[in-house]
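Chemist: Here the protein sequences line up with chains W and S, keeping their order.
Per this note's numbering, residue 1 is the first one in the first sequence, and the count goes up by one each step.
Per this note's numbering, residue 780 is the first one in the second sequence, and the count goes up by one each step.
Each residue gets a CB set at the ideal place from its N, CA and C atoms; glycine is no exception.
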Amino acid sequence: MRAVLTQVRAALRRRRTQTAVVFIVSLMAAGISTMALTLLVRSNQPWDDAFARLNGPHLLFDLDANRVTPTQLDATTHLPGVTAAGPPTRTANVPFGLGGKKGLVQVIERADPGGSVHRLALGAGRWPADAGEIAVIHGSQGDYPILPALGDTMHSVNTHPVEFKVVGEVVDLTPNLNRAGTLRGWVIPGQLTQLVDGAQVRLGYQMPYRFEHAATDADLAADRRVVEAALPAGAETQAPGDWISARSGSNWLVAAVSSVVFAFSVFALLAVTLIVASVVAGSVVSSYREIGIIKALGFTPAQVVGIIVLQMAVPAVIGALVGVPLGSLFSRPFLEQTSASLHLPAASAVDPLVDVMVPIGLLLLVVLAALVPALRAARLNSIRAIARGSSPQTARPSRLGAILTRLGTPRPLSLGAGEAFARPVRGLLTVLALAIGIATLVFAFAFTPTIKAVGDDLGSWGAAGDVHFARYPALVDPAATALINAQPETKVVVATSQLPLTLSGHAETEPLTGMRGDAAALGYHAASGRWFAAPGEAVVASLTARDRHIKIGDSIDATVNGAPLRLHVVGVNNDIITGGRGFTVGWQTLAGAVPTAAPDIYLVNLLPGADKTSYGKRISAAGGEGIAVQEQPWAQYLDGFYTLLNALVGSLALVLAAIAAVGVFNATLLSTRERVHDIAVLKALGMTPAQIAVMAAASALVMAAVAAVIGIPAGIWLVGMVVGAMGDLYGFVGNGSAAIGPLSAVLIVASVFVVALAGAALPARWAARTPVTQVLRSE
Amino acid sequence: MTDTIVELTDVSRTYNGASGTVALDQVTLAIARGEFTAVMGASGSGKSTLLNVVAGLDRPTSGRIVVDGQDLSRASESDLARYRRTRIGFVFQFFNLLPNLSVLDNVMVPAELAGMARADARTRGRQLLEELGIATVERSYPTNLSGGQRQRVAIARALINRPALVLADEPTGTLDSHAGEQVMELLDEINNRGQTIMLVTHDVNLATSHGRRILTLSDGAMVDDTAIEARRGAKPADLVRLRAGEA
């Protein structure tokens, strides 16, 4: 064993460049992998801990108090599979005003935050104890039109306004994802009656459930069916909230980030494996004589394998040991961000399992990559290896070199290019490592613009239009419409309303959005098919279309508010605001089924040059308590997201490009070392240092060109796949390949050649300095 | 006045610093155009170093070297490369053919580096292979040739740019006596056409039977410079005049 270690030590000292290559690529791969796994494993930790502590609900139903009674709800607590439930709490969605802004608040009557299910934690302040007191979700948990803080006084916006003082801030792990922008507030029992306001504000019940099996979406769907079967028809006011959506919604940013980082880490590990295999193969080829000698001295084949594998394993493990803390360090800000939004303590960025598994996994990959060439070395005939002296010459003529020569390519170029695949396995490994780098580069170029294209399509966010107004009960629709239309800057007004739609044969509801006015003029459009044009026509959101197997041309029977409705699907759209769910129809279609329906959101496009702020203020002032500007936080939200995504994807692409460059460096270096004799001869024949450098770099350029042919389509496919997966999650259909325009393509190809040349630069320089007399004398 | 092609003045080459091994020790030498000079000496005497500095493959530590009018002492690496491809032809002991190029391509490389059109280089290469009696192997690869054939290819390669000076470092060192003799006859023919030959060898018989002047080195210093009677009608008096320092 000591003899083996002596050999390994000597090899590590002598082959410093090779050791450095393995160290660097291992460090980078370990860093990315640690970051990815830490984010995947730890980002949900604060939420999971709090959810367990508070016995959070697996499903949270919102029900119409006119259609279901507390007795009926109590009966559902004994349904099969239900482990804990209730009690039902009275709720109402009430418009509130604060500091000149208005927003919808789901007010819930609750005596205390305790209970067997759905306990609530106070982030600050105390639980309401008297009439006129309210505790609200902390504003950082979502984007709400009004953001009450402790001590603020907010008032209901209805016929008889009631004031509430904010006395507590609540950490709610299951916010209302179905009605984005609806704040939650808790008051003591008995407070809601005064807030009920005719048809505009109606009483409901909130009912939490925990189930025996609720680990997957399928489990939850089955649980939901059990409860819905026990409820009167049409009792649900919206689809129930579920813990899986709430959990992923709580850290959607980190979830998106970690999936991207994870994809990059898989690539990095793959690239490292290829590079290490290439390094070891090269090392074996250049150590024939040495291997022959140590075998002649009595080293067993197993010891030879051990020497070679350890030469790779030692720098790989050291690289991993440096990379793991770096990966933890870089994942920390993301974890802190998740925890801060929930008012929960940050999860530690150090995950012992990840921190142990990453070096072990990397070591395994490196050992596997080294094993094949090491076994080949162990089988070498020592006498022949010694006699051969140095690495065997690659006497195989290069077809590519011959073709280039025939085409009149300068000799240094054709000689160099011909060497690219002189050792096919190494050439292939390098090309694959480079292709991975290129694919990630394509990803970096295309991913953010693709996501941005979806994000900037405001129609898909329900956010098209210059100014949005929310209407409250104090103002009826005709008055609100007249007020808006009376303003000289008003160009287009689209009024909308959303109701739950039940498809026949399905218990769950889908949101049905009715639009009055020229929606297309605001930027609403179908991603495929066309926008609705006639009564009865509907555009279906992408995830509903997928899950319900709805195609363009289908006719669908449904009910809305108990009234039958037949929809003819003419298009599919992106509807991120509804999570990719539901249908959009013209107002005639909605009003045909629900004649009492009235729009409550008004999307307005202004004439060029109009001042949005003064316009909004003027209408809000004129409409009094009945209308208010609805803030659109998306743009600011998205800008931050794009910046983060750009920085992250850019950094990761740089790391992968660096790994690819190291791969090229390694291949060019090995090739240069093996060809040192030929290079010396060519110098003796009159090849200038510049021509030698060109020759050495030419093989890297050929490999880069081949890698580009593989890597660019692979990158486009990757973007399509990731965008598709994100679309499935967030409810849109994106086209990744569309982001690669001619300019991007040119930039990508240029970057590829820069990476290849950067990797080949040093070996080419060293080749140009080959000492001719020394090399030729050593024969 | 004699036309001098190689002129060395106090040329020294030391390895491993000033206190290291002295490979050449203040060598002063002049070689006339068209001369066939054999450089002799024991192993380590500096004869290959002498050839290397004349070829521009190595730089002297001190002294001045002028070959065919070009001062090598002041030349850059690129200048030396251009010098090697146009002014000299080098024949190595171990042939040093490029294994992944065909025989014809090996011969054409220096011509292409010198900027000769590919078609012209091919014509010239084939002509040389024809002259050297190896035209039939132009598509073969070096590994498929005998030692003698390889050395002929190397000679063809050395001649393709019509260099004024051909340097040969032990060109028969790895050949059997018959192949070696054939190679030496080729060098004679080249010399007879007017090209200057500088041959490094440790074989006295070879040196005396082909060279017209014999330089002997010992420990890097020139210890003897003898003109011998030429076999092919050269005037001995001319050769005698070419002793070191008299040119």
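(1) Against chain S, with Cβ distances strictly below 8 angstroms, would L411/W count as a contact?
(2) Tell whether a beta-carbon distance below 8 angstroms holds between A661/W and A764/W.
(3) Measure the beta-carbon distance from Q728/W to L543/W and round it to whole angstroms, keeping in mind my assumption that it falls under 8 angstroms.
(4) Would you say G663/W reaches chain S, if we count a Cβ-Cβ gap shorter than 8 angstroms as a contact?
(5) Mind checking who A135/W pairs with in its DSSP beta bridge?
(6) State the DSSP-derived secondary structure class of V916/S, mapped to helix, strand or coil.
(7) So, for T995/S: in the same chain, excluding its five sequence neighbours on each side, which residues have a beta-carbon less than 7 angstroms away from its beta-carbon?
(8) Need the endpoints of the beta strand (DSSP E) that H568/W sits in, please.
(9) Could you give the residue range of the alpha helix (DSSP H) that holds D217/W?
(10) For a cutoff of 8 angstroms on Cβ pairs, would you count S26/W as touching chain S?
(11) Compute the Euclidean distance between the alpha carbons of L429/W and A657/W, then round it to the nearest angstrom.
(12) Who are the Cβ neighbours of E695/W in its own chain at under 6 angstroms, not counting the five residues just before and after it?
(13) Run through chain W and tell me which residues come within less than 7 angstroms of N831/S, C-beta to C-beta.
(14) Closer than 8 angstroms, CB to CB, is A20/W near chain S or not?
(15) Find the residues of chain W that neighbour P950/S, judging by a C-beta separation of less than 8 angstroms, and give them in chain order.
(16) For V494/W versus L606/W, is the C-beta distance shorter than 8 angstroms?
(17) What number of angstroms, rounded off, separates the C-alpha of T578/W from the C-alpha of P511/W?
(18) What's the C-alpha gap between P1015/S and I976/S?
(19) Could you check whether T6/W and L12/W sit closer than 8 angstroms to each other, using their CB atoms as the reference points?
(20) Let me know the beta strand (DSSP E) ranges lying completely inside the segment 417-495 of chain W, each 3 residues or longer, listed in chain order.
(21) For L911/S, decide whether its Cβ has a neighbour in chain W, counting only Cβ atoms nearer than 8 angstroms.
(22) Does the beta-carbon distance from E169/W to H138/W come in below 8 angstroms?
(23) Is W47/W closer than 8 angstroms to R247/W when the C-beta atoms are compared?
(24) Return the chain-ordered list of same chain residues with a C-beta closer than 7 angstroms to the C-beta of Q762/S, the five sequence neighbours on each side being excluded.
(25) Check each candidate in H58/W, S283/W, V354/W, L743/W and name the one with the smallest Cα separation from R210/W.
(26) What span of residues does the alpha helix (DSSP H) with Q72/W cover, start to end?
(27) Say whether chain W places a C-beta atom closer than 8 angstroms to the C-beta of V932/S.
(28) Extract the residue ranges of the alpha helix (DSSP H) inside the segment 691-731 of chain W, only unbroken runs of 4 or more that lie entirely within it.
(29) Starting from D1004/S, trace the beta strand (DSSP E) in both directions and tell me its first and last residue.
(30) Could you check where the beta strand (DSSP E) with I576/W kicks off and where it finishes?
(31) Using a threshold of 8 angstroms, state whether the C-beta atoms of Y1058/S and S857/S are closer than that.
(32) Counting pairs of beta carbons, one from the segment 580-596 of chain W and one from the segment 483-500 of chain W, are three or more of them closer than 8 angstroms?
(33) Where do the N-terminal and C-terminal ends of the beta strand (DSSP E) with E109/W fall, by residue?
(34) Between which residues of its own chain and T589/W is the CB-CB distance below 8 angstroms, once the five residues before and five after are set aside?
(35) Looking at C-alpha atoms only, which residue of T1005/S, L892/S, G927/S is the closest neighbour of T405/W?
(36) Going by C-alpha distance, which of L297/W, Q311/W, T490/W is nearest A281/W?
Modeler: Quick look at the numbers:
(1) Taking the first sequence and counting its residues from 1, the one referred to as residue 411/W is at position 411. One detail in the question is off: residue 411/W reads as Arg in this sequence, not Leu. So yes, R411/W belongs to the interface.
(2) Position 661 of the first sequence, counted from the first residue, corresponds to residue 661/W. Position 764 of the first sequence, counted from the first residue, corresponds to residue 764/W. No, these two residues do not count as a Cβ contact at 8 angstroms.
(3) Sequence index remark: in the first sequence, residue 728/W carries index 728 (1-based). Sequence index remark: in the first sequence, residue 543/W carries index 543 (1-based). Note that residue 728/W corresponds to Asp in the displayed sequence, not to Gln. Sure, about 7 angstroms apart at Cβ, within 8 angstroms.
(4) In the first sequence, residue 663/W corresponds to position 663, counting from 1. G663/W does not count as touching chain S.
(5) Your numbering for residue 135/W matches position 135 in the first sequence. Answer by DSSP bridge pairing, in chain order: G168/W, W186/W.
(6) Locating residue 916/S in the second sequence gives position 137, where the first residue counts as 1. Of the three classes helix, strand and coil, the one that applies to V916/S here is helix, per DSSP.
(7) Counted from its first residue, the second sequence places residue 995/S at position 216. Within the same chain, T995/S has close Cβ partners M819, G820, V1002, D1003.
(8) Translated into positions along the first sequence, residue 568/W becomes position 568. Taken as a continuous stretch (DSSP letters only), the beta strand (DSSP E) holding H568/W covers 563-573.
(9) The residue given as residue 217/W occupies position 217 in the first sequence. Looking at the DSSP string, the run of the alpha helix (DSSP H) that includes D217/W is 217-230.
(10) Here residue 26/W corresponds to residue number 26 of the first sequence, with the count starting at 1. Chain S contact via Cβ: absent.
(11) For the purposes of this step, residue 429/W is identified with residue 429 of the first sequence, where counting begins at 1. For the purposes of this step, residue 657/W is identified with residue 657 of the first sequence, where counting begins at 1. About 15 angstroms.
(12) Position 695 of the first sequence holds residue 695/W. First, the amino acid is wrong: residue 695/W is Met here, not Glu. These residues qualify, in order along the chain: P412, L415, G416.
(13) One-based indexing of the second sequence puts residue 831/S at position 52. Result: T773.
(14) Counting from 1 along the first sequence, the entry for residue 20/W is found at position 20. Output row for A20/W: interface = no.
(15) Translated into the one-based positions of the second sequence, residue 950/S becomes position 171. Result: empty, since nearest Cβ-Cβ is about 14 angstroms, beyond 8 angstroms.
(16) Start at 1 with the first residue of the first sequence, and residue 494/W comes out as number 494. Start at 1 with the first residue of the first sequence, and residue 606/W comes out as number 606. No. Outside cutoff.
(17) Here residue 578/W refers to the residue found at position 578 when the first sequence is read from its first residue. Here residue 511/W refers to the residue found at position 511 when the first sequence is read from its first residue. Rounded to the nearest angstrom, the two C-alpha atoms are 7 angstroms apart.
(18) Against the second sequence, residue 1015/S aligns to sequence position 236. Against the second sequence, residue 976/S aligns to sequence position 197. Confidence is the limiting factor: at P1015/S the pLDDT is only 43, short of 50, which leaves the residue's position unreliable, though a coordinate-based value still follows. Cα-Cα distance, rounded: 18 angstroms.
(19) Here residue 12/W refers to the residue found at position 12 of the first sequence. Here residue 6/W refers to the residue found at position 6 of the first sequence. Their beta carbons are not under 8 angstroms apart, which means L12/W does not touch T6/W by this criterion.
(20) 467-471
(21) Within the second sequence, residue 911/S is the residue found at index 132, counting from 1. So, not an interface residue.
(22) Reading the first sequence from its first residue, position 169 is the one you call residue 169/W. Reading the first sequence from its first residue, position 138 is the one you call residue 138/W. Against a cut-off of 8 angstroms, the Cβ pair of H138/W and E169/W comes out as a contact.
(23) As a working note, residue 247/W is residue 247 in the first sequence. As a working note, residue 47/W is residue 47 in the first sequence. Contact flag set, yes.
(24) The question about residue 762/S has no answer, for chain S in this structure spans 780 to 1026.
(25) Sequence index remark: in the first sequence, residue 210/W carries index 210 (1-based). Selected option, being the one with the closest Cα: H58/W.
(26) Walking along the first sequence from the start, residue 72/W turns up at place 72. Taken as a continuous stretch (DSSP letters only), the alpha helix (DSSP H) holding Q72/W covers 70-75.
(27) As a working note, residue 932/S is residue 153 in the second sequence. Answer no: the Cβ-Cβ gap between V932/S and chain W never drops below 8 angstroms.
(28) none
(29) On the second sequence, position 225 is the one that residue 1004/S refers to. Per DSSP, D1004/S belongs to the beta strand (DSSP E) from 1000-1006.
(30) Taking the first residue of the first sequence as 1, we reach residue 576/W at position 576. No beta strand (DSSP E) contains I576/W, which DSSP labels as neither H nor E.
(31) What is shown of chain S runs 780 to 1026, which leaves residue 1058/S out entirely.
(32) yes
(33) Taking the first residue of the first sequence as 1, we reach residue 109/W at position 109. Unbroken beta strand (DSSP E) run through E109/W: 101-109.
(34) One-based indexing of the first sequence puts residue 589/W at position 589. The residues are G514, F532, P535, G536, E537, A538, L565, L567.
(35) In the first sequence, the residue the question calls residue 405/W occupies position 405. Closest option to T405/W, Cα to Cα, is L892/S.
(36) Along the first sequence, one-based indexing puts residue 281/W at 281. Nearest of L297/W, Q311/W, T490/W to A281/W, Cα basis: Q311/W.
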